[in-house]
Amino acid sequence: MHETVQIEPAISTEHIGRIYKMISEIPFFSDSRISEIEILPGGLTNSNYKVTIGGVTYAVRIAGAGTMEYLNRPAEKHNAQLMADIGISAPIIHYDETTGNQVCKYIDDCKTLHIPDFKEEERYLSMAAKVFRKYHDCQKEFISVFDPLKEIDAYMALLAEKNFEFYEGAETMEAKIGEIKTLFKNNPPPKAPCHNDPLCENWLDDQKNFYLIDWEYGGMNDPLFDLGALALEAELTDEQEQFFLKEYFGGELTEKQIGSLVINKFLCDALWAYWAVLQIAMGKSREDYWPYGLNRFNRAYELIHKGSLDRAIKANQ
Numbered sequence: 038m039h040e041t042v043q044i045e046p047a048i049s050t051e052h053i054g055r056i057y058k059m060i061s062e063i064p065f066f067s068d069s070r071i072s073e074i075e076i077l078p079g080g081l082t083n084s085n086y087k088v089t090i091g092g093v094t095y096a097v098r099i100a101g102a103g104t105m106e107y108l109n110r111p112a113e114k115h116n117a118q119l120m121a122d123i124g125i126s127a128p129i130i131h132y133d134e135t136t137g138n139q140v141c142k143y144i145d146d147c148k149t150l151h152i153p154d155f156k157e158e159e160r161y162l163s164m165a166a167k168v169f170r171k172y173h174d175c176q177k178e179f180i181s182v183f184d185p186l187k188e189i190d191a192y193m194a195l196l197a198e199k200n201f202e203f204y205e206g207a208e209t210m211e212a213k214i215g216e217i218k219t220l221f222k223n224n225p226p227p228k229a230p231c232h233n234d235p236l237c238e239n240w241l242d243d244q245k246n247f248y249l250i251d252w253e254y255g256g257m258n259d260p261l262f263d264l265g266a267l268a269l270e271a272e273l274t275d276e277q278e279q280f281f282l283k284e285y286f287g288g289e290l291t292e293k294q295i296g297s298l299v300i301n302k303f304l305c306d307a308l309w310a311y312w313a314v315l316q317i318a319m320g321k322s323r324e325d326y327w328p329y330g331l332n333r334f335n336r337a338y339e340l341i342h343k344g345s346l347d348r349a350i351k352a353n354q
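Dropping the structure here:
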């Protein structure tokens, strides 16, 4: 009997071959057959696919080239497993620490969220706040630390090493980064397990649970970095940010809490601006990454220009 494999036409022959090779080498899938391969949305760094094997669906990630230079893959494996254990992330079937390739159980009948979902449905902000609170307060330790300031320094060093240009006005941004370094040295923020890259497409709703997936940037960090990142990714208004923070903290807000969100929004945009330019320096498309990074850079710079960042720093001194 001839078995037909359904493969989405847009998937490259190279990735089809890599998926087959990966699955064939995992003992869990011995004697199983692939019947369908589809593209999963989201992700600038990696390629993600929904693969049906033996009648069961899985999420397969092919890690982006060069990511081993700046990502701690063994730490991701440990951290993601902790989150799977408490029902925050999808169960892990296979993880290759040498490449970052992984296979997780696909969350069936789920909705992948996008920007409009968070902007138009208040309940998703409330649900995200509760998920953040659950793992921030879980008392578990990630084996990695995600320090945005050190990450920025590392990206800057790699760009300098590659003698690669950055955006005009970087000196002002670097000066503010220096002020935040001084602030954090004198008033260290709290540390908890953090995702650090909770873009909208990393949230899944199956009407039973609300999942946050893709923990490759996970590490111990200031919990407000997660909130700041989602506020940016979901393009929240000031009013929505206030609601989101109140849901997270469970009551009225202090100037310090509001200021902490602003600082972390600035660090988040600055971080990913440097990251974007680094991708170009590593050979990826300037057309894709330069505008993305410039948007991040300009948004961070706006917090400086409006005085919001200075007020936030003062509130946290």
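Numbering (the numbering used here), first residue to last: 38 to 354. Positions of the beta carbon are idealized from the N, C-alpha and C atoms, including for glycine. Since the structure is predicted, the reported quantities are computational estimates derived from the model, not experimental observations.
Handout entry: The beta strand (DSSP E) enclosing Gly75, as first and last residue numbers
Key = Note that residue 75 corresponds to Glu in the displayed sequence, not to Gly. Going by DSSP, Glu75 is part of the beta strand (DSSP E) stretching over 71 to 76.
Handout entry: Cα-Cα separation, Asp145 to Leu346
Key = The alpha-carbon atoms of Asp145 and Leu346 are separated by roughly 42 Å.
Handout entry: Identified DSSP bridge partners for Cys231
Key = Within the DSSP bridge table, the entry for Cys231 names Gly256 as partners.
Exercise for the section: Decide if the segment 301 to 311 is in contact with the segment 191 to 210; the criterion is three or more beta carbon pairs, one per stretch, under 8 Å apart. Expected result: The segment 301 to 311 is in contact with the segment 191 to 210.
Handout entry: Ala191, DSSP secondary structure in three states
Key = Collapsing the DSSP output to three states places Ala191 in a helix.
Handout entry: Proximity of Glu51 and Ile76 at Cβ, strictly below 7 Å
Key = Taking 7 Å as the cut-off, the beta carbon of Glu51 is found no closer than this to the beta carbon of Ile76.
Problem - Spatial neighbours of Leu162 in its chain, beta-carbon cut-off 7 Å, leaving aside the 5 residues before and after - result: Same-chain partners within the cutoff: Phe155, Gln277, Phe280, Phe281, Glu284.
Exercise for the section: Identify which residue in Ser49, Asn353, Asp68 has its Cα closest to the Cα of Lys222. Expected result: Per the Cα distances, Asn353.
Exercise for the section: Return the Cβ separation of Met257 and Phe183 in integer angstroms, given the expectation that the two are a contact with Cβ distance under 8 Å. Expected result: The Cβ separation is near 7 Å, so the contact holds.
Exercise for the section: Helix, strand or coil for His341, going by three-state DSSP, please let me know. Expected result: Note that residue 341 is Ile in the sequence shown here, rather than His. Ile341 sits in a helix when the DSSP states are folded into three classes.
Handout entry: Complete runs of the beta strand (DSSP E) confined to the segment 245 to 303 [at least 3 residues]
Key = Counting only runs of 3 or more, we get 247 to 249, 256 to 258.
Exercise for the section: Evaluate Ile123 with the Cβ neighbour count: other Cβ atoms within 10 Å of its Cβ, from every protein chain shown; 16 or more gives buried, anything less gives exposed. Expected result: Answer is exposed; the Cβ neighbour count stays below 16.
Practice task
Check the DSSP bridge columns for Ile99 and list the partner residues they point to.
Solution key: BP columns for Ile99 point to Ser84.
Handout entry: Residues of its chain near Met294, where Cβ-Cβ distance is below 7 Å and the 5 sequence neighbours each way are ignored
Key = Met is not the amino acid found at residue 294; the sequence shown has Gln there. For Gln294, where only same-chain residues beyond five positions count, the Cβ hits under 7 Å are Leu282, Phe286.
Practice task
Could you have a look at Lys114 and say whether DSSP puts it in helix, strand or coil?
Solution key: It is helical.
Practice task
Pick out whichever of Gly137, Ala117, Ala47, Thr82 has its Cα sitting closest to the Cα of Met59.
Solution key: Considering only Gly137, Ala117, Ala47, Thr82, the residue with the shortest C-alpha distance to Met59 is Gly137.
Problem - CB of Ala313 within 7 Å of CB of Gly330, strictly - result: The Cβ-Cβ distance between Ala313 and Gly330 falls below 7 Å.
Practice task
Determine contact between the segment 180 to 199 and the segment 242 to 260, defined as no fewer than three beta-carbon pairs at a distance below 8 Å.
Solution key: Yes, the segment 180 to 199 is in contact with the segment 242 to 260.
Exercise for the section: Assign Thr89 to one of three DSSP states: helix, strand, or coil. Expected result: Reduced to three states, the DSSP call for Thr89 is strand.
Practice task
Measure the alpha-carbon distance for Gln139 versus Tyr132 and round it to whole angstroms.
Solution key: So the alpha carbons of these two residues sit roughly 4 Å apart.
Exercise for the section: Hey, could you find the ends of the beta strand (DSSP E) His131 is sitting in? Expected result: It spans 129 to 132 - the beta strand (DSSP E) in which His131 sits, taken as one unbroken run.
Problem - Gln316 (DSSP reduced to helix, strand or coil) - result: Gln316: helix per DSSP, three-state reduction.
Problem - Contained alpha helix (DSSP H) runs [length at least 4] in the segment 145 to 169, N- to C-terminal order - result: Qualifying alpha helix (DSSP H) stretches, in chain order: 152 to 157.
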